[in-house]
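Encoded as structure tokens, the structure appears first; notes follow it.
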Amino acid sequence: MWVDECCTYTLGTLRTMALDEFNVLLSEATISRHLVGMFFTVKQTRVEPTTCNNEVNKEKRKIVAEALISHNEQGDLEVYFD
């Protein structure tokens, strides 16, 4: 199955592949419905910047998390602004 080969195929890509290999035109909704029926989750792909999870940023987040845990253990009040 194509999805086993590459889980990042879009519905449009799968549609084109079905047309090329089987000469059958399927709608993206049909492909999605069958994938969901086979317990595949269809999600929108997104580009994740490489800076999100580089080692420097992971270390910075670790320091912040450790500081929050320390404040929590000391009984300090934590306030989050969104």
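Quick note: the sequence shown uses the numbering used here, first residue 5, plus one each step.
Glycine included, C-beta positions come from ideal geometry on N, C-alpha and C.
Restricting attention to Asp8, Val28, Asp86 and Leu81, the CA atom closest to the CA of phenylalanine 43 is found in Asp8.
In terms of Cα proximity to alanine 22, the closest of Met5, Gln48 and Cys11 is Met5. When DSSP states are grouped into helix, strand and coil, threonine 20 belongs to the helix group. For valine 28 and glutamine 48, the gap between their C-alpha atoms comes out near 24 Å. Put simply, the backbone Cα of arginine 37 is about 17 Å away from that of threonine 20.
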